[in-house]
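The next block holds one structure in the form of structure tokens; read it before the comments.
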Amino acid sequence: MVTRRTVLLGSAGLAGALGALMVGWTAMPPRPRLVTSDPLPTGPGQSALNGWVKIGADNTVGIVMCKAEMGQGIYTGLAMVLAEELDADWAQVRVEQAPIDKIYQNVAGIVESLPFHPDDHGTLKAIAERITGKAMREFGLMLTGTSSSMRDLWLPMRQAGASARAMLVAAASQEWGVKARECRVEAGRVLHPSGRSASFGELAAAAASQPLPDAVVLKDPKTFKLIGKPRKRLEAASKMDGSARFGIDVLQPGMQYASVEMCPTLGGRVASFDATDAQKLPGVRKVLALPPLYGSTGGVAVIADTPYHAMRAVKAVRVEWDDGVAANLSSDEIYQRLAQSLDTDEGFHFYKHGDVDAALKSAVKTVKAEYRAPYLAHTTMEPMNCTVQFKEGRATVWAATQVPDMARRSVAKVLGLAVEQVDVQTQLLGGGFGRRCEVDVIAQAAAIARESGGAPVQVIWSREQDTTHDFYRPACVSRFQAGLDASGQLLGWLNTSAGQAIMPQVIERMLGLRAAVPDRTTSEGAFDQPYEWPSARIGHEAVELPVPVGFWRSVGHSHHAFFKESFLDEVAHAAGRDPVAFRAALLARRPRHLKVLQRAAELSGWGQPLPAAADGTQRARGVALHQSFGSIVAQVAEVSVSPDKRIRVHRVTCVIDCGLAINPNLVRQQMESGIVYGLSAALNDEVRIEKGQVQQTNFHDNPVLRFDECPVIDTEVIASDENPEGVGEPGTPPVAPAVANALFTLTGQRLRRLPLKLA
Amino acid sequence: MTPLTINRKPVEVLAEPDTPLLWVLRGELQLTGTKFGCGMALCGACTVHIDGEPTRSCVTPISAVGLREVTTIEGLSGPQVAMLKAAWTDVDVVQCGYCQSGQLMAAAALLRQNPKPTDADIDAAMAGNICRCGTYPRIRAAIHQAAAMAAA
Chain E
1 MVTRRTVLLG SAGLAGALGA LMVGWTAMPP RPRLVTSDPL PTGPGQSALN GWVKIGADNT
61 VGIVMCKAEM GQGIYTGLAM VLAEELDADW AQVRVEQAPI DKIYQNVAGI VESLPFHPDD
121 HGTLKAIAER ITGKAMREFG LMLTGTSSSM RDLWLPMRQA GASARAMLVA AASQEWGVKA
181 RECRVEAGRV LHPSGRSASF GELAAAAASQ PLPDAVVLKD PKTFKLIGKP RKRLEAASKM
241 DGSARFGIDV LQPGMQYASV EMCPTLGGRV ASFDATDAQK LPGVRKVLAL PPLYGSTGGV
301 AVIADTPYHA MRAVKAVRVE WDDGVAANLS SDEIYQRLAQ SLDTDEGFHF YKHGDVDAAL
361 KSAVKTVKAE YRAPYLAHTT MEPMNCTVQF KEGRATVWAA TQVPDMARRS VAKVLGLAVE
421 QVDVQTQLLG GGFGRRCEVD VIAQAAAIAR ESGGAPVQVI WSREQDTTHD FYRPACVSRF
481 QAGLDASGQL LGWLNTSAGQ AIMPQVIERM LGLRAAVPDR TTSEGAFDQP YEWPSARIGH
541 EAVELPVPVG FWRSVGHSHH AFFKESFLDE VAHAAGRDPV AFRAALLARR PRHLKVLQRA
601 AELSGWGQPL PAAADGTQRA RGVALHQSFG SIVAQVAEVS VSPDKRIRVH RVTCVIDCGL
661 AINPNLVRQQ MESGIVYGLS AALNDEVRIE KGQVQQTNFH DNPVLRFDEC PVIDTEVIAS
721 DENPEGVGEP GTPPVAPAVA NALFTLTGQR LRRLPLKLA
Chain V
1001 MTPLTINRKP VEVLAEPDTP LLWVLRGELQ LTGTKFGCGM ALCGACTVHI DGEPTRSCVT
1061 PISAVGLREV TTIEGLSGPQ VAMLKAAWTD VDVVQCGYCQ SGQLMAAAAL LRQNPKPTDA
1121 DIDAAMAGNI CRCGTYPRIR AAIHQAAAMA AA
């Protein structure tokens, strides 16, 4: 067994961490995040005041956006943060795509992915966080993910806004011969008590030649005018008239289209292919084999004049597949292997507290259970696609991606170019949910564009390819034991789970490295929760399997919340206690969590009788509380069961404490979004593997949640002055256990497998 | 060449007659507001109106369209649509936005046929349009609001 200490110091590229050089480097201040290495490109009349904002002579404020918009509302949220400190006129604010630069690399998202318990305030954690934070500024990744955008940029973008504001004021005061501190800024104008005033646009050019301020004072949150207000989404109108441009909407002169068909067996490749029939079809230009790239399965591609020609022709290519190592793998066998691994080993201990074994021995009553969750596909509405042009030693990439610089690296590698010879244009994402953290289709597009004679090629995956060649949420088996004393008090909590680890796979497919790191995602949601168990031990056994796994909205939390909150409910019932009261007792010293739980109970009418559903069936409530990505969420679900055993969720009451809510309306929207996504997985979704092949293909056999299955959702956002936390994912984890717990109350059946099916 | 009427304008397209309308709209005609989602009429992202009827363009060959009037999201207009979009804006429906063209096409057709739909009417009319961002509750609210505005 490797301990956390040795693994941590030996991992994350920190092999030489103890050397004097490293100590010296660590002590130096981290790289600032204000100005890009190369000057920002500017349009006519535009002046860049730092790496985050450009001001036009026409008074437009261009917020330089390094995060991808995939529905979470980050364009609007981050623009509000910068515009607040700038005192910009909100009507003049626009969003522009950032280039690739170190200042845009995600720091918070990676630092918070280290495998430490939130209550750990030790030196090791502090050192690891500092080193990782510094390293991410130098060698990190532009990543929109881990619900980290606001946490990552809340301060840098406020500082950028304040810095730009100071430069505009300095320019005005210089021109007017007045003191800077006498000027004030309102709605995009600098004003002086003498009556002089100038717009941002009039001052922009002069402001850009001012020195960067040494230090800026950020606003007192009490004076915020934009932050905390329910502003409308900036790009909404373009999404209502067809003008919004997603990755798949790229149109380039002379563009050709490609369709791919990968080996049905995950991880397989092409042994040989015969393109004779395909070549005879109209519109076909080229047929080629694709090797496995960045985690993709090998396949064939057809380049043609239109998507329709390409999609039709790729079906006509006759391929002999080399199925590879997954050829005999099935879901049932995988569940068996995961469960068996727990018979002999508890895996890596992410959390240990007190003496659980003694506690369980002394218990008057013990509760045991085994839970499991299936593989899941992301199923973004916009199928995977990417457009690449490779011409005269340079490549241009148009992609809907959560990782633009990884996209650049992958295209450069495939085409044998330097990264500087690759330009990435990030488009709007028609859903991300973690799927677009991968670059498989981007690398494929590069390999295909190499064969198109310089023409831009748009690769579009069919829905079938998208569903059968995803990076799936890992299947997981989780075992619990809890002990109660005679009065029903919880004494000990033992939880071990087994599944595939995502991070080693990601590191291998992105960087080509084999790394044994304790992967927080395998146990997040199990080990890092706020409940104060008198004793606890929580471990995860990572099992290697040839199924590609990836980040699925809320990642480890997505299944561990179901396991933990369902089992906690079992224990509450075994103790003869009310599930809300039982949770509250474990949160006595957690005022924020307690408030969220109690508010959800209050709003949902917890404990009060529920009227029958419209069809006369009985309803019941279930509760769940979960913390993820810094935010605390409680949900109460109201469910009924129809005579044909169909589960109907009528209402979900949701309360979130996400710290300061930058835009409360977008926070509510994300709660609804997370709940619908999580409910789809709770009730319907499951990817099954037989002989190494994913059985689900399109929406008929992968039945995601539809309109008529959607509950009423009431969300309350707790008012808070704490730092803003993540909101894109935390709505997802609690809904499955809230529904399962309601079903137990209603039917007496404890459902321990997802998706939920009544006997 | 196949003649079509798209957003009230006559056009001639080069595509073969069996080509689904979706790919002609998105490619030759560069009207990318109509989206590809599943290719099997299962998700509604490709919904257009043909003579006012919501139709899945991904399974509709252009040979089957004839001279009937095709309306896409780019051409969707009129006082009722303006009210629908105002309601959509007011209740902040959109998230990633990919399915929203199809959602608006379906909602507009519903309101034209049934100016005061009940929840059950909305369920029935909208159940074919999938949204993975979970905009369903706000779509419902926006349709009710647009209906109320029209009645006022």
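Chains as they are written, first to last, in our numbering: chain E, 1 to 759; chain V, 1001 to 1152.
Cβ coordinates follow ideal geometry from the N, Cα and C atoms, glycine included.
C-beta neighbour in chain V for residue i, strict 8 Å
i, result
"Met157/E", "no"
"Gly431/E", "yes"
"Arg688/E", "no"
"Cys710/E", "yes"
"Leu251/E", "yes"
"Tyr472/E", "no"
"Met142/E", "no"
"Ala244/E", "yes"
"Ile227/E", "no"
Where the alpha helix (DSSP H) containing residue i begins and where it ends
i, result
"Arg312/E", "Pro307 to Val314"
"Glu544/E", "Neither: Glu544/E is in no alpha helix (DSSP H) and is coded neither H nor E."
"Tyr1136/V", "Tyr1136 to Ala1151"
"Cys1066/V", "Position check: residue 1066/V holds Gly in this sequence, whereas Cys was assumed. Element bounds for Gly1066/V: n/a, residue is neither H nor E."
"Gly299/E", "Taken as a continuous stretch (DSSP letters only), Gly299/E belongs to no alpha helix (DSSP H), being part of the beta strand (DSSP E) at Gly299 to Ala304."
"Gln72/E", "Looking at the DSSP string, Gln72/E is not in any alpha helix (DSSP H), and its letter there is neither H nor E."
"Arg1132/V", "Looking at the DSSP string, Arg1132/V is not in any alpha helix (DSSP H), and its letter there is neither H nor E."
"Phe224/E", "Careful: Phe224/E lies outside any alpha helix (DSSP H) and carries neither H nor E."
Cutoff 8 Å: residue i Cβ touching any chain E Cβ
i, result
"Cys1038/V", "yes"
"Ile1130/V", "yes"
"Gly1078/V", "no"
"Val1065/V", "no"
"Glu1016/V", "yes"
"Glu1069/V", "no"
"Glu1012/V", "no"
"Gln1100/V", "yes"
"Ile1073/V", "yes"
"Ala1142/V", "no"
"Pro1137/V", "yes"
"Ala1087/V", "no"
"Thr1005/V", "no"
"Asp1121/V", "no"
"Met1126/V", "yes"
"Gln1030/V", "yes"
Reduced DSSP category for residue i - H, G, I as helix; E, B as strand; rest coil
i, result
"Arg181/E", "helix"
"Cys386/E", "strand"
"Cys1046/V", "coil"
"Arg1026/V", "helix"
"Asp89/E", "coil"
"Phe527/E", "coil"
"Phe116/E", "coil"
"Met1083/V", "helix"
"Asn1007/V", "coil"
"Ser199/E", "strand"
"Ser238/E", "helix"
"Ile63/E", "strand"
"Val284/E", "strand"
"Ser163/E", "helix"
Endpoints, beta strand (DSSP E) assigned at residue i
i, result
"Asp423/E", "Val422 to Thr426"
"Asn741/E", "Taken as a continuous stretch (DSSP letters only), Asn741/E belongs to no beta strand (DSSP E), being part of the alpha helix (DSSP H) at Val735 to Thr747."
"Val457/E", "Val457 to Ile460"
"Gln252/E", "Gln252/E -> no beta strand (DSSP E), and no H or E assigned at all."
Within chain E, the residues that residue i reaches when beta carbons sit closer than 7 Å
i, result
"Gln1095/V", "Gly71, Gln669 and Ser673"
Within chain E, partners of residue i - CB distance below 9 Å
i, result
"Thr1083/V", "With the sequence shown as reference, residue 1083/V is identified as Met, and Thr is not the correct amino acid for it. Here the premise fails: no neighbours, minimum Cβ distance about 13 Å."
The ligand HEM heavy atom lying under 7 Å from the CB of residue i
i, result
"Arg646/E", "In terms of ligand content, the structure shown is empty, and the ligand HEM therefore cannot be addressed."
7 Å Cβ cut-off: residues of chain V touching residue i
i, result
"Ile713/E", "Pro1137"
Exercise. Considering only residues of the region 471-512 of chain E, which uninterrupted alpha helix (DSSP H) runs meet the minimum length of 4 residues and lie entirely inside it, listed in chain order?
Worked result: Listed in chain order, they are 502-511.
For this session: Let me know the beta strand (DSSP E) ranges lying completely inside the region 631-699 of chain E, each 3 residues or longer, listed in chain order.
Result: 631-641 and 647-657
Problem set entry | Within the region 335-371 of chain E, ranges of the alpha helix (DSSP H) (whole runs, at least 4 residues) | 356-362
Problem set entry | Contact list for the region 1045-1056 of chain V against chain A, Cβ threshold 9 Å | The chain inventory of the structure shown lacks chain A, comprising the protein chains E and V.
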